[in-house]
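In terms of the working numbering, the sequence shown opens at residue 4 and continues consecutively. Heads up, the beta-carbon is just placed ideally off N, CA and C, and yes, glycines get one too. Since the model is a prediction, treat every value here as computed from it, not as a measurement.
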Amino acid sequence: MTLTAITPVTPDTRSVCASALAQLRPGEPISRDAALQLIRCSDDDLPELLAAARAAKERFRPGVITYSRKVFLPLTNLCRDYCGYCTFRRDPGDPGAHTMTPDEVLSVARTGETLGCTEALFSLGDKPELLFPEMRETLRHLGYKSTLHYLEAMCELVLRETSLLPHPNPGLLSAEWIARLAAVSPSMGLMLETTNVSLLASGKAHDNAPDKAPAKRLRTIEDAGKQNVPFTTGLLIGIGESPEDRVDTLLAIRDLHDRYGHIQEVIVQNFRVKPSIPMAHCPEPSRGEMLRTVAVARLLLPRVNIQAPPNLSAPYYDDLVDAGINDWGGISPLTPDYINPEKPWPHLEQLRLRTEAKGFALRQRLPVYPEFIPAVTAKPGLLSERLRAAVDDHGLAKITRAA
Ligand code: SF4
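(1) What residue range does the alpha helix (DSSP H) around residue 73 cover?
(2) Heavy atom of the ligand SF4 less than 6 Å from the Cβ of residue 93, yes or no?
(3) Using the Cβ count rule (16 or more neighbours within 10 Å means buried), how would you classify residue 366?
(4) Inspect the beta-carbon positions of residue 244 and residue 199 and report whether they are closer than 7 Å.
(5) I'd like the list of long-range same chain contacts for residue 133, defined as Cβ closer than 8 Å, with 5 residues on each side in sequence excluded.
(6) Got a sec? Which residues, its chain only, sit under 7 Å from residue 249 by beta carbon, not counting five neighbours each side?
(7) With respect to the beta strand (DSSP E) encompassing residue 269, which residues constitute its N-terminal and C-terminal limits?
(8) Cβ of residue 280 within 7 Å of Cβ of residue 309?
(9) Rounded to whole angstroms, what is the Cα-Cα separation between residue 168 and residue 266?
(10) Within 10 angstroms of its Cβ, does residue 23 collect 16 or more other Cβ (buried), or is it exposed?
(11) Alpha carbon to alpha carbon, how far is residue 57 from residue 298? Give it in angstroms, no decimals.
(12) Quick test of your reading: residue 125 and residue 157, contact by CB under 8 Å. State the CB separation rounded to the nearest angstrom.
(13) Which term fits residue 392, buried or exposed, when burial requires 16 or more other beta carbons within 10 angstroms of its beta carbon?
(14) Quick check: what's the CA-CA separation for residue 130 versus residue 188?
(15) Rounded to whole angstroms, what is the Cα-Cα separation between residue 162 and residue 223?
(16) Residue 166 and residue 368 - do their beta-carbons sit closer together than 7 Å?
(17) Which residues in the same chain have their Cβ closer than 8 Å to the Cβ of residue 5, if we skip the five residues on either side of it in sequence?
(18) How is the beta strand (DSSP E) around residue 126 delimited, first residue to last?
(19) Could you give the distance in angstroms between the alpha-carbon of residue 121 and the alpha-carbon of residue 27?
(20) Would you say residue 146 touches the ligand SF4, meaning its beta carbon is less than 6 Å from a heavy atom?
(21) Per DSSP, what kind of secondary structure is residue 163 in: helix, strand or coil?
(22) On the premise that residue 275 lies in contact with residue 287, defined as a C-beta separation below 8 Å, what is that separation, rounded to the nearest angstrom?
(23) Counting C-beta neighbours from all protein chains within 10 Å, is the total for residue 311 16 or more, i.e. buried, or is it exposed?
(24) For residue 263, which residues in the same chain have their Cβ closer than 6 Å to its Cβ, ignoring the five residues on either side in sequence?
(25) Hey, is residue 84 close to the ligand SF4, as in C-beta under 6 Å from one of its heavy atoms?
(26) Contact criterion: CB-CB distance below 7 Å. Does residue 343 meet it with respect to chain C?
(27) Taking Cβ positions, are residue 363 and residue 67 nearer each other than 7 Å?
(28) Could you pull out every residue in the same chain whose Cβ sits closer than 8 Å to the Cβ of residue 303, ignoring the five residues on either side in sequence?
(29) Whole alpha helix (DSSP H) runs in the stretch 294-349 with 4 or more residues, listed along the chain?
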């Protein structure tokens, strides 16, 4: 597979970026034109862009950066897609191919509970049984018709048997499956990644990844919006898209949030190269590209939670605070990042110290953000009970252990 390198950020004239920054209005989202100018701003203009983004973050979430203390549950790493940057997926029979049993799920969740975790993040390949008879056999053996039926049962198991709250990330979902999973999890997620359809072409990052068609992903996010389901999404930068594509991906998310108000969080994730992937020789986005993208995300979405994973920007991850994030995402004291296993999460004490050094308090949130909790607790049942038990007076995680 030949993969196209990312389009480099080209220096722009100082006056164009300065004029885009001069048009900023506190609390108001910037226009597409301004975003396009700012995402290509010069190094000279970068400090001014970052200052504007950090100020916007402070108007939205003053004084605090949050994270979710989680366990990572890779329910199955079989996947019918073959994304050019993925190290997680396996075919049946590959070394490391695995579908977790219910006992394994419960064991990890219970251990996480003893470590103060409040999120059970279910990450898994997209509908592997459609491609692999081996997965159909595994599911038959487990007693389920599909991976989504099994996921639903495992979310329900974790909810019933532990204090953890599930957050599933199973790929594309129909409206019916969004409703079913929303009954056993307070939020769910699907990365939009990009709106650039050309990445589906031969030799590009989403060649042979039918579930990465942007229109299908937008439909799932929209269906979640129609059902008022708190939803995590985001973009993946450095997979062959241009800075303009990044802006348009953020605008597509903003458009859905304007219509349905359900986007609880936007993740800006940077591609990291790994030796075993088809994109092994593609360049990673630079630190400057990452900071520009995060800052523009903050200014396009001034009242939406913006997250960037610290392990993918180590050792300089605290710079992301300067670009306007208000959340570090899920951090596990127990399980590795199975998506980027070579990039360990920072120790939580380190994360706290570095967040405080930037002038912010670090607070543990739940997998559903405070402003979305009332809609979930309004529906009676086990999920509502568990969420009420886990939340503190500020909508964050009730801490029942030594911090
Ligand atoms: S990124 Fe997700 S959809 Fe793509 S191959 Fe990996 S597990 Fe499958």
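On the basis of the supplied data:
(1) Looking at the DSSP string, residue 73 is not in any alpha helix (DSSP H); the run it does join, the beta strand (DSSP E), is 67-79.
(2) no
(3) buried
(4) yes
(5) 83
(6) 42, 238, 240 and 296
(7) 266-273
(8) no
(9) 18 Å
(10) buried
(11) 8 Å
(12) 7 Å
(13) exposed
(14) 19 Å
(15) 24 Å
(16) no
(17) Confidence at residue 5 is low in this model, with a pLDDT of 38, below 50, so its placement is unreliable and the value that follows should be read with caution. The answer, listed in chain order, is 206.
(18) 122-127
(19) 38 Å
(20) no
(21) helix
(22) 6 Å
(23) buried
(24) 228
(25) yes
(26) Protein chains in the displayed structure number just one, and chain C is not present.
(27) yes
(28) 32, 33, 38, 250, 253, 254 and 257
(29) 322-325
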